[in-house]
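Here is the structure we will look at.
2 protein chains.
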Amino acid sequence: MGTLREPTRRERQREATYDEIVRASRQLLAEGAELSLRAVAGRMGVTAPALYRYVASYQELVDLVAFEIDKAATEGFRAAADALPEDDYAGRLLVSTTAFRQWAIANPREFGLVFANPVADADCIRREMLTLATSGHLLTGQMRALWQHNHHPVPAVEDLPPSVRDAVTDPLIPAETEGLAPDERGLIWVYMQGWTQLYGVVALEVFGHMDPRVIASGEMFIDTLRNFVPRIGLADDWPRLEAMVRALLAQPVTAAAG
Amino acid sequence: MGTLREPTRRERQREATYDEIVRASRQLLAEGAELSLRAVAGRMGVTAPALYRYVASYQELVDLVAFEIDKAATEGFRAAADALPEDDYAGRLLVSTTAFRQWAIANPREFGLVFANPVADADCIRREMLTLATSGHLLTGQMRALWQHNHHPVPAVEDLPPSVRDAVTDPLIPAETEGLAPDERGLIWVYMQGWTQLYGVVALEVFGHMDPRVIASGEMFIDTLRNFVPRIGLADDWPRLEAMVRALLAQPVTAAAG
DNA sequence: GCGCACAGTTTACACCGTTTACGGTTTACA
DNA sequence: TGTAAACCGTAAACGGTGTAAACTGTGCGC
Chain A
1 MGTLREPTRR
11 ERQREATYDE
21 IVRASRQLLA
31 EGAELSLRAV
41 AGRMGVTAPA
51 LYRYVASYQE
61 LVDLVAFEID
71 KAATEGFRAA
81 ADALPEDDYA
91 GRLLVSTTAF
101 RQWAIANPRE
111 FGLVFANPVA
121 DADCIRREML
131 TLATSGHLLT
141 GQMRALWQHN
151 HHPVPAVEDL
161 PPSVRDAVTD
171 PLIPAETEGL
181 APDERGLIWV
191 YMQGWTQLYG
201 VVALEVFGHM
211 DPRVIASGEM
221 FIDTLRNFVP
231 RIGLADDWPR
241 LEAMVRALLA
251 QPVTAAAG
Chain B
1 MGTLREPTRR
11 ERQREATYDE
21 IVRASRQLLA
31 EGAELSLRAV
41 AGRMGVTAPA
51 LYRYVASYQE
61 LVDLVAFEID
71 KAATEGFRAA
81 ADALPEDDYA
91 GRLLVSTTAF
101 RQWAIANPRE
111 FGLVFANPVA
121 DADCIRREML
131 TLATSGHLLT
141 GQMRALWQHN
151 HHPVPAVEDL
161 PPSVRDAVTD
171 PLIPAETEGL
181 APDERGLIWV
191 YMQGWTQLYG
201 VVALEVFGHM
211 DPRVIASGEM
221 FIDTLRNFVP
231 RIGLADDWPR
241 LEAMVRALLA
251 QPVTAAAG
């Protein structure tokens with residue numbers, strides 16, 4: 001680790017400009033306008049090419065904004081969980097999950113930016129940022145906390161298919177394994193399964209490829225949760241959890257603050 | 001029903017032009033190029049504004065192409081199923097499902113066009129076309145065929161939440177209910193659940209938001225199927241089905257013919 | 001054979017991402 | 001303290017996009 005200097009004046013200024021870029025971008029998104037270099041620059045009272053001092057391309061702007069959106073939204077999911085006692089691990093996980101769903105429905109464009117953007121080019125900034133996707137961080141952490149409390153059964157690592165064994169043994173998202181013994185890594189597979197199911201419902205709902213009435217009621221979302229919770233040892237707790245989730249779904253969805 | 005005239009010469013010509021538009025568009029997509037009015041027009045040896053005689057906007061072109069891509073791809077899924085005996089309902093369903101997954105992985109841009117495009121504006125052409133999404137047609141039909149053969153248990157309509165009851169009783173996609181008695185509509189809910197899970201894995205894989213090793217092996221896809229098949233009465237049949245699916249996954253993925 | 005609907009053109013506009021060359025400021029260093 | 005370099009912004013321009021308007025010829029229907 002190098003010794004960290006105190007940030008110089010220019011560096012602070014530069015950081016502030018980055019903040020303003022993100023702020024202007026999110027504002028554009030929130031207003032339903034297109035996210036473009038020129039629009040962002042215009043809102044900052046600056047010409048478009050000036051932004052190239054901060055991002056190398058439009059795609060990099062998108063990635064930057066997506067990352068910051070994810071970060072901010074995740075704070076919301078965490079805050080939602082904090083309404084519950086610290087030792088209600090199951091409740092916290094489900095509340096954050098529901099907050100995620102509500103946020104996605106209320107902010108479809110932002111959801112698309114963060115979660116439905118191809119990460120094809122292996123070496124782009126995006127890959128690196130995905131590595132520390134903050135919402136993934138949060139949910140993983142909550143699930144590990146839950147498991148360390150109730151120790152629900154997870155698949156044995158040696159029973160997993162080779163590719164999965166590799167993926168959970170040496171994951172691309174290192175943080176997922178923090179303080180998880182090698183023979184406990186089966187939990188990560190369970191996490192991946194859960195994330196896949198959650199993503200499926202939410203994406204389908206956000207993109208509108210589902211009966212509008214079902215979307216509005218959130219019944220498919222609830223059904224997905226109900227289908228999954230037994231796998232993390234929460235079958236008995238489901239009635240209570242379902243009531244909690246339904247209460248949250250009943251609240252009006254509101255766009256996130258910029 | 002009005003009496004249908006024989007198509008006049010002009011009408012045939014016009015239809016041919018539509019075909020050429022779609023052909024040029026798919027060609028562009030297949031080559032990895034951007035889909036743009038000008039590019040399509042250029043490939044047809046025509047100027048861009050000419051296309052406005054056929055589509056009202058760029059979005060409408062996209063919708064048109066997406067619909068045709070879906071149609072063509074669905075033919076492939078059906079053909080894959082036809083390699084199996086007609087009465088192997090379970091096999092046919094799983095084979096088509098696997099073909100869908102393989103197609104999506106091999107043609108990510110096309111998948112995005114068809115399945116990850118918001119259908120926000122309620123009254124756009126897209127809504128109407130979604131109504132008869134052909135891949136949905138195929139899978140629904142195969143699932144109903146399976147059910148009419150093995151009559152696996154499905155939820156009773158009166159046990160479903162109100163919004164779901166409405167959705168399955170009076171669905172937006174009428175064809176889904178063809179010849180399905182009102183008290184058998186619980187099957188549609190099962191279908192929606194299955195489609196949600198399938199969509200989740202495939203979209204996650206296509207967009208690369210998953211460990212590349214897991215994507216390459218298809219283990220998450222298989223896991224999703226394994227998790228779902230008991231709900232359509234195929235628990236006992238799973239070993240055979242898994243072998244079939246694995247055999248298909250082992251085949252090299254190839255882009256669909258234009 | 002006349003008239004008109006249609007399919008195509010040219011031109012133009014407003015927007016986009018991106019590059020280049022150029023000026024000021026601000027910082028860092030001799 | 002003076003100077004050189006690094007930085008931040010500009011204006012101008014290029015090639016691309018979707019889209020609107022006016023205009024032209026050709027072929028079909030009556």
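Chains as they are written, first to last, in the UniProt record's numbering: chain A, 1 to 258; chain B, 1 to 258. Backbone N, C-alpha and C define an ideal beta-carbon position, used for all residues, glycine too. This structure is a prediction, so every number in the text was calculated from the model and none was measured.
Open item on the list: What are the residues in the segment 218-230 of chain B lying within 9 Å of chain A by C-beta distance?
Closed with: G218, E219, M220, I222, D223, T224 and N227
Task: S25(A) (DSSP reduced to helix, strand or coil) - done: For the purposes of this step, residue 25(A) is taken as the residue at position 25 of the first sequence. The answer is helix: DSSP assigns S25(A) an H, G or I state.
Task: A116(A), DSSP secondary structure in three states - done: The residue you call residue 116(A) lines up with position 116 of the first sequence. The answer is coil: DSSP assigns A116(A) none of H, G, I, E or B.
Open item on the list: Please classify Y18(A) as buried or exposed, where buried requires at least 16 neighbouring CB atoms within 10 angstroms.
Closed with: For the purposes of this step, residue 18(A) is taken as the residue at position 18 of the first sequence. It is exposed - the Cβ of Y18(A) has fewer than 16 other Cβ atoms within 10 Å.
TODO: Look at the Cβ atom of A30(A), then the Cβ atom of A216(A), and state whether they are nearer than 8 Å.
DONE: Taking the first sequence and counting its residues from 1, one reaches residue 30(A) at position 30. Taking the first sequence and counting its residues from 1, one reaches residue 216(A) at position 216. For A30(A) and A216(A), no; Cβs fall outside 8 Å.
TODO: Grab the span of the alpha helix (DSSP H) containing A48(B) for me, first residue to last.
DONE: The count along the second sequence starts at 1 and reaches residue 48(B) at position 48. Run containing A48(B): none; DSSP gives neither H nor E here.
Open item on the list: Taking the beta carbon of T177(A) as the centre, do at least 16 other beta carbons fall within 10 Å, making it buried, or is it exposed?
Closed with: Position 177 of the first sequence, counted from the start, is the residue given in the question as residue 177(A). T177(A) should be labelled buried.
TODO: Taking only beta carbons into account, state which residues of the segment 157-182 of chain A come closer than 9 Å to chain B, listed in chain order.
DONE: L160, P161, P162, S163, V164, D166, A167, V168, P171, L172 and I173
TODO: Taking A133(B) as the reference, give the member of V95(B), I173(B), V62(B) and A116(B) with the closest Cα.
DONE: Here residue 133(B) corresponds to residue number 133 of the second sequence, with the count starting at 1. Here the closest residue by C-alpha is I173(B).
Task: Euclidean distance between Cα positions of Q102(B) and R10(A) - done: Working through the second sequence from its first residue, we reach residue 102(B) at position 102. Working through the first sequence from its first residue, we reach residue 10(A) at position 10. Answer to the nearest angstrom: the Cα atoms are 51 Å apart.
TODO: Just the C-alpha distance for L249(B) and T98(B), rounded to the nearest angstrom, thanks.
DONE: Stepping through the second sequence from its first residue, residue 249(B) is reached at position 249. Stepping through the second sequence from its first residue, residue 98(B) is reached at position 98. Going by the C-alpha atoms only, they are around 8 Å apart.
- [ ] Output the distance between the C-alpha atoms of A104(A) and V253(A), rounded to the nearest integer angstrom.
- [x] Counting from 1 along the first sequence, the entry for residue 104(A) is found at position 104. Counting from 1 along the first sequence, the entry for residue 253(A) is found at position 253. Those two C-alpha atoms are separated by around 10 Å.
Open item on the list: At the level of alpha carbons, what is the spacing between R240(B) and V164(A)?
Closed with: As a working note, residue 240(B) is residue 240 in the second sequence. As a working note, residue 164(A) is residue 164 in the first sequence. So the two alpha carbons sit approximately 22 Å from each other.
Task: Chain-order list of residues whose beta-carbon lies under 6 Å from that of W238(A) (same chain, five-residue window excluded) - done: Mapped onto the first sequence, residue 238(A) falls at position 238. The answer, listed in chain order, is V229.
Open item on the list: Against chain B, with Cβ distances strictly below 8 Å, would T196(A) count as a contact?
Closed with: Indexing the first sequence from 1 puts residue 196(A) at position 196. It does: the Cβ of T196(A) has a partner Cβ on chain B nearer than 8 Å.
Task: Residues in the segment 87-117 of chain A having any Cβ partner in chain B nearer than 9 Å - done: P108, R109, G112, F115, A116 and N117
Task: C124(B) versus T140(A): straight-line alpha-carbon distance, rounded - done: Here residue 124(B) refers to the residue found at position 124 of the second sequence. Here residue 140(A) refers to the residue found at position 140 of the first sequence. Legend: pLDDT at C124(B) = 47, less than 50; position of this residue unreliable, no value from coordinates given.
- [ ] State the DSSP-derived secondary structure class of P155(B), mapped to helix, strand or coil.
- [x] Your numbering for residue 155(B) matches position 155 in the second sequence. It is coil, neither helix nor strand.
Open item on the list: Between L204(A) and chain B, is the shortest Cβ-Cβ distance under 8 Å, so that the two count as touching?
Closed with: For this step, residue 204(A) is matched to residue 204 along the first sequence. Yes, its Cβ sits closer than 8 Å to a Cβ of chain B.
Open item on the list: Could you compute how far the alpha carbon of L28(A) sits from the alpha carbon of V154(B)?
Closed with: Residue mapping note: residue 28(A) aligns to position 28 of the first sequence, counting from 1. Residue mapping note: residue 154(B) aligns to position 154 of the second sequence, counting from 1. Cα-Cα distance, rounded: 46 Å.
- [ ] Confirm, please, whether the CB-CB distance from S135(A) to F77(A) is below 8 Å.
- [x] Taking the first residue of the first sequence as position 1, residue 77(A) is located at position 77. Taking the first residue of the first sequence as position 1, residue 135(A) is located at position 135. It is a contact, given that the beta carbons lie within the stated cut-off.
Task: Delimiting residues of the alpha helix (DSSP H) encompassing P212(A) - done: Here the question's residue 212(A) lines up with position 212 in the first sequence. Looking at the DSSP string, the run of the alpha helix (DSSP H) that includes P212(A) is P212 to S217.
TODO: Report the three-state DSSP secondary structure of L172(A) (helix, strand or coil).
DONE: Residue 172(A) sits at position 172 when you count from the first residue of the first sequence. Here L172(A) sits in coil by DSSP.
Task: Three-state secondary structure (DSSP) of N227(A) - done: The residue given as residue 227(A) occupies position 227 in the first sequence. In this structure, N227(A) counts as helix in the three-state DSSP scheme.
TODO: May I ask you to verify whether the segment 54-74 of chain B touches the segment 83-92 of chain B, counting CB pairs closer than 8 Å and requiring at least 3?
DONE: no
TODO: Specify the secondary structure class of T74(A) as computed by DSSP and reduced to three states.
DONE: The residue labelled residue 74(A) in the question sits at position 74 within the first sequence. Residue state, collapsed to three classes: helix.
Task: C-beta neighbour in chain B for P216(A), strict 8 Å - done: Within the first sequence, the letter at position 216 stands for residue 216(A). The sequence as given places Ala at residue 216(A); Pro does not occur at that position. Output row for A216(A): interface = yes.
Task: Per-residue DSSP class, three states only, for L180(A) - done: Within the first sequence, numbered from 1, the residue matching residue 180(A) stands at position 180. Looking at L180(A) - three-state DSSP - the assignment turns out to be coil, as it is neither helix nor strand.
Task: Segment limits, alpha helix (DSSP H) that includes I105(B) - done: Taking the first residue of the second sequence as position 1, residue 105(B) is located at position 105. Residues Y89 to A106.
Task: Where the alpha helix (DSSP H) containing I188(A) begins and where it ends - done: Counted from its first residue, the first sequence places residue 188(A) at position 188. Its alpha helix (DSSP H) spans residues G186 to F207.
Open item on the list: Which residue wins for smallest C-alpha separation from L187(A), given the options L198(A), T169(A), G200(A) and R23(A)?
Closed with: Position 187 of the first sequence, counted from the start, is the residue given in the question as residue 187(A). If we check each option's Cα against that of L187(A), T169(A) comes out closest.
TODO: Would you tell me roughly how many angstroms separate the C-alpha atoms of V114(B) and E68(B), rounded to the nearest one?
DONE: Position 114 of the second sequence, counted from the start, is the residue given in the question as residue 114(B). Position 68 of the second sequence, counted from the start, is the residue given in the question as residue 68(B). Distance between the alpha carbons of V114(B) and E68(B) is about 9 Å.
Open item on the list: If you reduce the DSSP assignment to three classes, tell me which class D19(A) lands in.
Closed with: Walking along the first sequence from the start, residue 19(A) turns up at place 19. Note: D19(A) maps to helix in three-state DSSP.
TODO: Could you tell me which chain B residues have their CB closer than 8 Å to the CB of Y54(A), listed as they occur along the chain?
DONE: By 1-based counting over the first sequence, the position of residue 54(A) is 54. In chain order: nothing, as chain B lies at least about 26 Å away.
TODO: Answer yes or no: the CB of S57(A) versus the heavy atoms of the ligand GTP, is any distance below 7 Å?
DONE: The ligand GTP is absent from the structure shown, which contains no ligands of any kind.
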